[in-house]
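> This is the structure I want to talk about, given as structure tokens.
Protein chains: 2
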Amino acid sequence: MKEAIELTAEEAFQQQLQSLQIEVNNALDRVLPAENREPQRLHEAMRYAVMAGGKRVRPILAYATGMALDIPVTHLHGIACALELIHTYSLIHDDLPAMDNDDLRRGRPTCHKAYDEATAILAGDALQALAFEVLISESAQTSSDKQLVQMVSTLTLAAGHAGMAGGQAIDLAAVNRQLSLDELQHMHRLKTGALIEASVLLPALSSGKTSEAGREQLKQFAWHIGLAFQIQDDILDVTGDTETLGKTQGADIALNKPTYPSLLGLDGARQKLKDTHKAAIEALQEFDHKADLLRQIADYIVARTY
Amino acid sequence: MKEAIELTAEEAFQQQLQSLQIEVNNALDRVLPAENREPQRLHEAMRYAVMAGGKRVRPILAYATGMALDIPVTHLHGIACALELIHTYSLIHDDLPAMDNDDLRRGRPTCHKAYDEATAILAGDALQALAFEVLISESAQTSSDKQLVQMVSTLTLAAGHAGMAGGQAIDLAAVNRQLSLDELQHMHRLKTGALIEASVLLPALSSGKTSEAGREQLKQFAWHIGLAFQIQDDILDVTGDTETLGKTQGADIALNKPTYPSLLGLDGARQKLKDTHKAAIEALQEFDHKADLLRQIADYIVARTY
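Which chain is which? The protein sequence lines are A and B, in order.
Anchor point for the first sequence: position 33 equals 32 in numbering that gives the first Met the number 0, and the numbering is continuous, going up by one each time.
Anchor point for the second sequence: position 201 equals 200 in numbering that gives the first Met the number 0, and the numbering is continuous, going up by one each time.
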């Protein structure tokens with residue numbers, strides 16, 4: 000007789016994350032151009048950067064939002080892929096010598112190290128276009144044209160000068176400059192917050208079933224977990240080690256970049272992390288048990304060590 | 000008594016081009032983020048690159064296609080701006096030191112020279128996102144959601160790995176390599192042809208009034224004028240050298256970039272230009288006099304001396 004396998008809540012959560020990672024990885028593999036297709040070097044570089052692993056935080060958030068809203072995982076592959084493609088393009092460009100000049104990403108040489116700068120710039124450019132292409136082509140079966148238009152608009156705003164790209168510009172301007180807490184938060188709200196917000200908004204827009212109030216609660220949740228993610232990132236930059244992080248420990252401090260620990264002290268940053276986590280959970284109080292994966296993700300962001 | 004001012008056909012054509020340039024410049028000025036809005040350096044760089052002048056070939060093609068299809072100029076600003084924003088972002092990135100390493104563009108320092116490399120990369124990234132945003136927001140009054148979705152899809156394909164970005168990757172790989180005529184044409188078809196094709200397709204898609212056959216004819220026209228533009232560019236390179244340096248053809252072979260004259264000889268390239276122009280005009284034979292501006296543009300491309 001076989002023994003029943005009992006999973007702890009933590010193990011069940013990790014399994015769920017892994018299964019969603021597999022979902023998005025399969026979808027990404029399907030939507031990325033084949034490596035043996037010309038121009039091969041560009042297509043290889045695109046795949047190299049996207050398929051390097053990574054936590055797939057944004058796709059998982061999108062799928063988890065889908066669960067809270069009764070939207071099947073299979074309807075959300077376009078959104079999940081688009082988010083990860085935008086995120087990856089931003090990592091490729093941020094890592095360039097003219098930007099953060101990073102040699103390591105996800106434990107491997109960065110795209111411009113593995114290929115060359117020109118290819119890395121183009122791979123990022125092509126991934127941005129592919130994100131919008133895939134958002135439409137993969138969602139067209141299950142979303143109306145009106146919903147598709149809203150989704151594309153939302154993603155353009157999250158990615159562009161008033162979102163992620165704008166946040167990166169503020170971040171660059173902040174090197175060797177003292178930012179206030181408000182300025183630091185504004186920078187993160189654009190640089191990472193906008194795309195995390197899009198990760199919960201796009202699924203809500205894709206079905207048309209979510210009320211404006213529901214979307215606002217999801218936005219609040221996203222804002223707080225995005226903030227928590229950043230605070231924890233800054234804390235780990237101080238307390239973690241390079242091997243566990245898969246990127247250079249202390250990189251922000253070395254660049255003289257403002258961080259939550261540098262502004263609030265380590266204890267102050269930890270307290271803010273706790274408050275932010277609480278606010279994220281409270282934003283979901285109108286949602287039932289189907290939002291539990293979203294809640295677990297909020298817990299995980301605070302508890303993670305890499 | 001005032002003398003009546005009679006314009007030659009050439010002067011009337013030049014006036015029409017100028018008035019359409021003013022149309023798109025006004026629209027671009029309206030859709031670009033204000034320079035005094037944070038992050039200022041990013042927004043300044045975006046405006047610097049876009050508002051530097053330039054022939055506005057793609058917007059003018061879009062407006063001229065609109066004339067052939069009875070679509071008012073005011074309905075096409077979103078398309079015109081989106082095309083020029085994508086084109087400008089590609090110029091900014093192509094000029095970077097890691098790519099073509101150009102210091103001058105449109106008679107002024109390139110974006111990374113006037114600002115810095117990081118800002119130029121981000122300005123390009125943000126302009127790409129803005130292109131899709133503006134395509135939707137500026138066209139939403141006059142195009143249906145279905146049409147908007149088709150337009151965004153078409154532009155993503157033209158801009159991405161299977162279009163402009165892919166063509167640039169092939170171009171980079173072609174330096175110091177002998178390309179066949181087919182390979183050279185394939186490179187240009189992607190690098191510049193795809194966006195020129197989009198310049199006539201997007202207006203056709205925006206109204207929903209154009210038949211599939213009509214769109215196919217416009218595509219044929221676009222392909223041939225794009226090709227003609229490139230052949231004339233290559234010819235001007237050689238004949239310019241001949242006049243100023245007193246050298247005969249073959250000077251461009253030293254640059255190790257494949258060109259039409261290097262593959263076909265100068266006479267062969269001129270014959271191909273003539274044939275291509277003829278094919279462009281023939282593609283429009285089902286269109287009436289309202290397509291005359293498109294025809295004049297084809298003539299102009301062949302006759303231009305700079």
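Don't be surprised by glycine CBs; every beta carbon is placed ideally from N, CA and C.
Within a Cβ cutoff of 8 Å, which residues of the same chain sit near residue 96 of chain B, ignoring the five residues on either side of it in sequence?
111 and 116
> Under 8 Å between C-beta atoms, does residue 144 of chain B make it to chain A?
yes
> Alpha carbon to alpha carbon, how far is residue 273 of chain B from residue 245 of chain B? Give it in angstroms, no decimals.
Confidence at residue 245 of chain B is low in this model, with a pLDDT of 40, below 50, so the placement of that residue should be treated as unreliable; the coordinate-derived value is given next. Straight-line measurement puts the Cα of residue 273 of chain B at about 26 Å from the Cα of residue 245 of chain B.
> Do three or more CB pairs link the stretch 61–81 of chain B to the stretch 133–147 of chain B at distances below 8 Å?
yes
> Identify which residue in B:22, B:41, B:98 and B:42 has its Cα closest to the Cα of residue 63 of chain B.
B:22
> At least one CB of chain A closer than 8 Å to the CB of residue 135 of chain B: is that the case?
True, the Cβ-Cβ gap to chain A drops below 8 Å.
> Reducing DSSP to helix, strand and coil, say where residue 90 of chain B ends up.
helix
> Under 8 Å, Cβ to Cβ, is there at least one residue of chain A near residue 98 of chain B?
yes
> Taking the straight line between their C-alpha atoms, what separation do you get for residue 217 of chain A and residue 43 of chain B?
34 Å
> For the alpha helix (DSSP H) containing residue 276 of chain A, name the first residue and the last one.
259–282
> List the residues of chain B that residue 117 of chain A touches, going by C-beta distances under 7 Å, in chain order.
97, 98 and 171
> Please identify the residue among A:166, A:67 and A:91 whose C-alpha is closest to the C-alpha of residue 287 of chain A.
A:67
> When you compare only the Cα positions, how much space is there between residue 84 of chain A and residue 8 of chain A?
31 Å
> Grab me the residues of residue 314 of chain A's own chain with a C-beta within less than 6 Å of its C-beta, minus the 5 sequence neighbours each way, in chain order.
For chain A, the structure presents residues 0 to 305; residue 314 of chain A sits outside this window and is missing.
> Who pairs with residue 108 of chain B in a beta bridge, going by DSSP?
B:103
> Does residue 32 of chain A come out as helix, strand or coil in the three-state DSSP assignment?
coil
> Which of helix, strand or coil does DSSP assign to residue 58 of chain B?
helix
> Taking the continuous alpha helix (DSSP H) assigned at residue 299 of chain B, which residues delimit it?
291–302
> Taking only the alpha-carbon atoms, compute the straight-line gap between residue 14 of chain A and residue 6 of chain A and give it to the nearest angstrom.
9 Å
> Between residue 54 of chain A and residue 19 of chain A, what straight-line distance do the alpha-carbon atoms span, to the nearest angstrom?
10 Å
> For a contact defined as C-beta to C-beta under 7 Å, what are the partners of residue 167 of chain A on chain B?
121
> Looking at the unbroken alpha helix (DSSP H) that takes in residue 145 of chain A, where does it start and where does it end?
In the DSSP assignment, residue 145 of chain A falls within the alpha helix (DSSP H) that extends over 144–158.
> Mind checking whether residue 165 of chain A and residue 156 of chain A have CB atoms under 8 Å apart?
No. Outside cutoff.
> Going by CA-CA distance only, name the one from A:46, A:295 and A:37 that's closest to residue 28 of chain A.
A:46
> So which residues of chain A does residue 45 of chain B contact, with C-beta pairs closer than 9 Å?
160
> Counting only the same chain and skipping the five closest in sequence on each side, list residues whose C-beta sits under 8 Å from that of residue 227 of chain A.
272, 275, 276, 279, 297, 300 and 301
> Would you identify the three-state DSSP class for residue 170 of chain A, choosing helix, strand or coil?
helix
> Are the C-beta atoms of residue 124 of chain B and some chain A residue less than 8 Å apart?
yes
> Going by CA-CA distance only, name the one from A:154, A:37 and A:148 that's closest to residue 193 of chain A.
Checked all of A:154, A:37 and A:148; the closest Cα to residue 193 of chain A is A:154.
> Between residue 34 of chain B and chain A, is the shortest Cβ-Cβ distance under 8 Å, so that the two count as touching?
No - not a single Cβ of chain A is within 8 Å of the one on residue 34 of chain B.
> With 7 Å as the C-beta to C-beta threshold (strictly closer), list the residues of the stretch 80–110 of chain A near chain B in chain order.
92, 95, 97 and 98
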